[in-house]
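Protein sequences appear in the order of chains A and B.
Note that the UniProt record's numbering has the first sequence beginning at 1, numbered continuously upward.
Note that the UniProt record's numbering has the second sequence beginning at 1, numbered continuously upward.
Cβ coordinates follow ideal geometry from the N, Cα and C atoms, glycine included.
Notes to accompany the following structure.
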Amino acid sequence: MTPAIEVIKVGPAVTVQDAGWSGTLASGLSRGGVADTFALSCVGALLGQSDTAVLEMAGFGGTFKFVNNARIAIAGAGMDVRLDGSALLNNAVHRVEAGQVLEIGAARTGLYGYLGIGGGFVTPRFQGSASTHRGAGLGQVIEAGQVLAMGVDPKPERVGLVLPNMPKSSAAIRVVATAHTDLFSTQVRARFEETVFTRGAKGNRQGVALESGESFALEGGQSIPSETVIPGDIQVPGQGAPFALLADSQTTGGYPRIAAVLPCDIAQIAQAVAGDELRFKFISREEGIKIERADRKARAQLSKRCAPILRDPAQMNDLLSYQLISGAISGESE
Amino acid sequence: MNEATPERFPKMSFVGIDGVLVRFGAKMCDAANAAALAFHQHIEKIALVGVLEAAPSLTAVFLRLDLDADLERLVHRISKEVDAKNWFEDPLEKRRKWTIPCSFDGRQLTEAAQLAGVSDAQAVAQITATEVRVLTLGFAPGQPYLGSLDSHWDIPRMDGIAPNVPACALVVAVGQLIIFANEAPTGWRHIGQTAFRCFDQSRAEPFAFQAGDLVQFQSATPSEIEALQSDRFGGAKLEVLS
């Protein structure tokens with residue numbers, strides 16, 4: 001464990017996160033961890049390490065001074081990143097020298113940006129996870145003046161690589177049936193698919209409001225007993241406006257749930273900012289399993305997709321758009 | 001909801017792509033809860049490969065499956081376990097019992113007692129005489145829903161916004177008790193104060209309760225509760241029964 005960075009200035013919601021917990025549902029602690037699990041996979045692939053803790057920056061990053069040499073990777077929301085004043089690529093892994101200052105600005109696209117470091121950030125863990133969970137009082141929001149430590153870097157020479165920019169999907173978010181889907185009428189489910197929702201102003205790591213002016217209320221819905229809920233569940237409280245649950249959701253809830261977002265599509269909701277449009281499309285459980293398995297396989301192979309940074313940052317935008325075209329574009333968007 | 005087709009329990013359904021929910025009733029009752037907890041104990045005991053975790057709620061058990069497993073086979077196996085016994089007749093193993101000191105000086109003790117049709121003294125006597133069960137944990141990490149009290153304690157939650165109750169508060173509604181894990185607003189009535197922290201990350205056993213634990217409250221004075229604040233379990237005693 002080595003001192004890594006000194007926090008000079010920091011946004012209001014910067015926290016340490018990793019993949020979260022598994023096995024704590026029965027005790028009332030939800031999965032937690034990063035809001036965007038795909039971004040965590042990208043950071044891991046770039047750095048050549050897995051399961052390490054990263055800094056999650058909601059909306060705004062901060063200014064960080066390096067105490068020691070390190071490698072960093074940046075992924076998730078598009079944020080302006082500068083090292084000693086020079087622009088740094090997102091979705092890439094870079095070498096940083098002791099004394100250099102990293103500035104990460106406001107999110108231009110998306111909400112949650114991620115800063116990973118070779119060896120991972122080292123903070124106290126609870127039951128295997130370093131994640132910050134405010135509702136549970138675990139971990140703490142990063143404050144100016146703090147010095148964060150890093151672990152032993154497994155691959156100090158792995159730098160200068162970039163992942164092809166993933167196109168921001170405009171396709172409908174895929175959902176499957178869940179606890180109470182069959183209690184909602186066919187018409188209501190069809191209307192749910194036809195409706196263009198906007199991500200409401202109300203939202204955080206626990207979940208986000210899906211606004212549309214339409215009501216999806218379930219008659220008799222208040223008599224449903226409280227049951228286990230998980231991130232990705234879309235519940236419909238009495239007033240009829242759906243609410244999508246995210247990483248830090250509670251573990252039980254008594255509102256009827258109309259659908260469950262496919263795990264690999266949850267990041268699309270988490271990264272939506274107030275006013276962004278969101279649409280949903282039901283797929284079968286079988287299809288969902290197939291897509292999710294394929295997504296996990298693709299994530300496990302992300303490190304193979306890391307390519308050398310070929311041009312100087314000023315020209316990188318062109319290169320990225322080229323890679324985007326040859327990269328993953330789903331022809332299924334409708 | 002469709003009233004035409006009466007539901008039969010236990011009932012197994014898929015939730016999302018990797019979740020299975022086994023329900024033991026359409027609404028909360030002690031029998032459905034005991035059956036759910038008995039099935040949960042069984043699932044924990046047999047530790048099926050491919051079941052990543054199992055969590056009981058008031059009337060159901062949620063199982064999260066490993067997507068890398070042979071899901072069809074695993075689901076078939078779970079359904080065989082569901083059918084293996086009549087979980088409503090399977091006595092829930094009584095494993096542990098907590099005795100927890102509580103001062104019954106909550107702001108709404110009198111109000112709650114009146115709704116239950118008893119005096120303050122009767123309320124305290126009844127609650128301390130009842131062995132309740134941890135029906136489920138939720139809302140906050142480690143926070144227990146305890147029940148059930150006798151039917152006259154089936155009192156409604158308050159309407160509207162309630163002021164915060166402190167951490168470790170004992171509250172009552174709908175025939176159940178909760179010891180609050182954190183200071184929080186609630187519609188349940190605040191009847192007493194414990195020094196019992198349901199969740200303490202610095203403790204070797206951070207989550208004090210397991211679903212199915214038995215709990216009995218013991219009347220204490222406010223100064224006794226104050227003195228117990230420094231005790232890691234707020235003066236509670238844990239008896240291992242089996």
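What span of residues does the alpha helix (DSSP H) with residue i cover, start to end?
i, result
"B/His42", "30-46"
"B/Glu81", "71-83"
"A/Ile291", "285-300"
"B/Val215", "No alpha helix (DSSP H) holds B/Val215; the beta strand (DSSP E) holding it covers 214-219."
"A/Phe38", "37-47"
"A/Gln268", "266-270"
If I follow the unbroken beta strand (DSSP E) through residue i, where does it start and stop?
i, result
"B/Ala55", "51-56"
"A/Glu6", "2-10"
"B/Gly192", "189-193"
"B/Gln143", "That residue, B/Gln143, is in no beta strand (DSSP E); it is neither H nor E in DSSP."
"B/Thr59", "Careful: B/Thr59 lies outside any beta strand (DSSP E) and carries neither H nor E."
"A/Glu56", "54-58"
Against chain B, does residue i count as a neighbour if the rule is that its beta carbon must be under 8 Å from one of theirs?
i, result
"A/Ser22", "yes"
"A/Pro308", "no"
"A/Pro12", "no"
"A/Gln250", "yes"
"A/Glu193", "no"
"A/Ala136", "yes"
"A/Ser86", "no"
"A/Ile230", "yes"
"A/Val176", "yes"
"A/Gly240", "no"
"A/Ser223", "yes"
"A/Leu29", "yes"
"A/Phe126", "yes"
"A/Ser50", "no"
Compare the C-beta of residue i with all C-beta atoms of chain A and state if any pair is closer than 8 Å.
i, result
"B/Gln176", "no"
"B/Ser57", "yes"
"B/Arg187", "It should be noted that the sequence gives Gly, not Arg, for residue 187 of chain B. Output row for B/Gly187: interface = no."
"B/Thr130", "no"
"B/Pro222", "no"
"B/Leu149", "no"
"B/Thr136", "yes"
"B/Val15", "yes"
"B/Lys45", "no"
Do residue i and residue j have their C-beta atoms within less than 8 Å of each other?
i, j, result
"A/Gly113", "A/Ile104", "yes"
"B/Asp150", "B/Gln126", "yes"
"B/Ala211", "A/Ala179", "no"
"A/Ile258", "A/Phe184", "yes"
"A/Gln235", "A/Pro263", "no"
"B/Gly175", "B/Ser202", "no"
"A/Ala149", "A/Thr2", "yes"
"A/Ala274", "A/Ala201", "yes"
"A/Val43", "A/Phe66", "no"
"A/Val93", "A/Leu138", "no"
"A/Ser30", "B/Leu58", "no"
"A/Leu161", "A/Pro308", "yes"
"B/Glu7", "B/Ala38", "no"
"A/Arg158", "A/Gly48", "yes"
"B/Thr136", "B/Phe217", "no"
"A/Ile266", "A/Gly238", "no"
"A/Asp248", "A/Arg199", "no"
For residue i and residue j, I'd like the C-alpha separation in whole angstroms.
i, j, result
"A/Ala270", "A/Ala35", "6 Å"
"B/Thr186", "A/Val229", "20 Å"
"A/Gly78", "A/Leu278", "19 Å"
"A/Ile224", "A/Gly254", "6 Å"
"residue 248 of chain B", "B/Leu115", "Any property of residue 248 of chain B remains undetermined from this structure, which presents chain B solely from 1 to 242."
"A/Val175", "A/Ala144", "40 Å"
"A/Ser86", "A/Gly59", "21 Å"
"B/Phe9", "B/Gln229", "44 Å"
"B/Ala184", "A/Gly135", "11 Å"
"A/Val81", "A/Asn90", "7 Å"
"A/Leu55", "A/Ile72", "11 Å"
"A/Phe192", "A/Pro12", "34 Å"
"B/Pro56", "B/Glu44", "11 Å"
"A/Thr37", "B/Thr99", "42 Å"
"A/Arg293", "B/Thr194", "47 Å"
"A/Gln17", "A/Val10", "16 Å"
"A/Lys281", "A/Val196", "11 Å"
"B/Ser242", "B/Phe209", "16 Å"
Discussion item. Suppose only complete runs of 3+ residues qualify. What are the beta strand (DSSP E) ranges in the region 88-154 of chain A, listed by chain order?
Written reply: As far as the region 88-154 of chain A is concerned, its whole beta strand (DSSP E) runs of at least 3 residues are 92-96, 101-117, 147-150.
Worksheet item: What are the start and end residues of each continuous alpha helix (DSSP H) run of 4 or more residues lying completely inside the region 181-206 of chain A, in chain order?
Response: Complete alpha helix (DSSP H) runs here, min 4: 186-194.
Worksheet item: Whole beta strand (DSSP E) runs in the region 96-173 of chain B with 3 or more residues, listed along the chain?
Response: Counting only runs of 3 or more residues that sit fully inside the region 96-173 of chain B, the beta strand (DSSP E) segments are 96-102, 132-137, 144-147, 169-173, in chain order.
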